[in-house]
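Novice: As you go down the protein sequences, you meet chains A and B in turn.
Our numbering puts the first residue of the first sequence at 1, with every later residue one more than the last.
Our numbering puts the first residue of the second sequence at 110, with every later residue one more than the last.
All residues carry an ideal CB built from backbone N, CA and C; glycine is no exception.
Just so we're clear, the structure is a prediction, and the values are computed from it rather than from any experiment.
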Amino acid sequence: SQQGEEDPQALSIQEGENATMNCSYKTSINNLQWYRQNSGRGLVHLILIRSNEREKHSGRLRVTLDTSKKSSSLLITASRAADTASYFCATDKIDQFYFGTGTSLTVIP
Amino acid sequence: DTAVSQTPKYLVTQMGNDKSIKCEQNLGHDTMYWYKQDSKKFLKIMFSYNNKELIINETVPNRFSPKSPDKAHLNLHINSLELGDSAVYFCASSRKGTAYLGNTIYFGEGSWLTVV
Numbered sequence: 001s002q003q004g005e006e007d008p009q010a011l012s013i014q015e016g017e018n019a020t021m022n023c024s025y026k027t028s029i030n031n032l033q034w035y036r037q038n039s040g041r042g043l044v045h046l047i048l049i050r051s052n053e054r055e056k057h058s059g060r061l062r063v064t065l066d067t068s069k070k071s072s073s074l075l076i077t078a079s080r081a082a083d084t085a086s087y088f089c090a091t092d093k094i095d096q097f098y099f100g101t102g103t104s105l106t107v108i109p
Numbered sequence: 110d111t112a113v114s115q116t117p118k119y120l121v122t123q124m125g126n127d128k129s130i131k132c133e134q135n136l137g138h139d140t141m142y143w144y145k146q147d148s149k150k151f152l153k154i155m156f157s158y159n160n161k162e163l164i165i166n167e168t169v170p171n172r173f174s175p176k177s178p179d180k181a182h183l184n185l186h187i188n189s190l191e192l193g194d195s196a197v198y199f200c201a202s203s204r205k206g207t208a209y210l211g212n213t214i215y216f217g218e219g220s221w222l223t224v225v
């Protein structure tokens, strides 16, 4: 299967702490992306990392990619209550996007 | 303006009925998708259309039929609804990008289908 699998399934942290979630996938990819889904809403793109990149930053987000292990991680630093959402990794090959079950993050104020 | 809009947002219907969900994107994208999200939040691709042509049809029962009248619209018609069809259905779109440049996918807000 092309689909990514996120780990852990659920994560609960205190506001101000860092949150790390992981993604593993099974086939070769061109890019890996992370998306966020607020409760009752659609998914919103957060960040894309290309297969030849190892790390990427965007604001409080840091994404790593290890193609040899077929894994990626998303780190959210200094978490806020508003970061409470589900986070999905998506693997893509040209126009095909495959998602997993996501990590449900709860940030406690 | 909403980039990807889908209607209805909520739909409650009885088993055996036929229903449609409509989707429109105003982003000028060439590719549109339907995804199904189950109660465990697993997001599974159902169909992908590029410029009105079907390019992905995952293992979806043939009771589900997508219709793309033009590249800005991709509607989903479901015949003979079953209890197991209850889920959230997301429409999405993206540019047709190269493998290296990558693409991002834009989602609608979802249509909550409940079959009773």
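If the cut is a Cβ gap below 8 Å, which residues of chain B does L48(A) touch?
Specialist: Within 8 Å Cβ-Cβ: G211, T213.
Novice: Do you know how far the Cα of L65(A) is from the Cα of D147(B)?
Specialist: About 28 Å.
Novice: Around the Cβ of P87(B), are there at least 16 other Cβ atoms within 10 angstroms (buried) or fewer (exposed)?
Specialist: Here chain B has residues from 110 to 225 only, and residue 87(B) is not among them.
Novice: First and last residue of the beta strand (DSSP E) that includes V197(B)?
Specialist: Where V197(B) is concerned, the enclosing beta strand (DSSP E) stretches over 196 to 203.
Novice: Could you list which residues in chain B have their beta carbon closer than 8 Å to that of H45(A), in chain order?
Specialist: Residues of chain B passing the Cβ test: T213, I214, Y215.
Novice: Just list the residues that DSSP pairs E55(A) with in beta bridges.
Specialist: Answer by DSSP bridge pairing, in chain order: T64(A).
Novice: Report yes if the C-beta distance between I13(A) and T106(A) is below 9 Å; otherwise report no.
Specialist: It is a contact, given that the beta carbons lie within the stated cut-off.
Novice: Look at R36(A) and S71(A) and say whether their C-beta atoms are less than 9 Å apart.
Specialist: No.
Novice: At least one CB of chain A closer than 9 Å to the CB of A201(B): is that the case?
Specialist: Yes - at least one Cβ of chain A is within 9 Å of the one on A201(B).
Novice: Can the beta-carbon of N31(A) be found closer than 9 Å to that of G211(B)?
Specialist: Yes; because the gap between Cβ atoms is below 9 Å, this pair is in contact.
Novice: Straight-line CA distance for W143(B) to A201(B)?
Specialist: Roughly 6 Å separates the two Cα atoms.
Novice: Measure from the C-beta of L120(B) to each C-beta in chain A and report whether the shortest distance is under 9 Å.
Specialist: Answer no: the Cβ-Cβ gap between L120(B) and chain A never drops below 9 Å.
Novice: Report yes or no: do three or more beta-carbon pairs, one from the segment 120 to 138 of chain B and one from the segment 71 to 84 of chain A, lie closer than 8 Å?
Specialist: They do not touch, by the three-pair rule.
Novice: Between F151(B) and chain A, is the shortest Cβ-Cβ distance under 9 Å, so that the two count as touching?
Specialist: Output row for F151(B): interface = yes.
Novice: Expressed to the nearest angstrom, what Euclidean distance is found between the alpha-carbon atoms of P109(A) and D83(A)?
Specialist: Approximately 11 Å between the Cα atoms of the pair.
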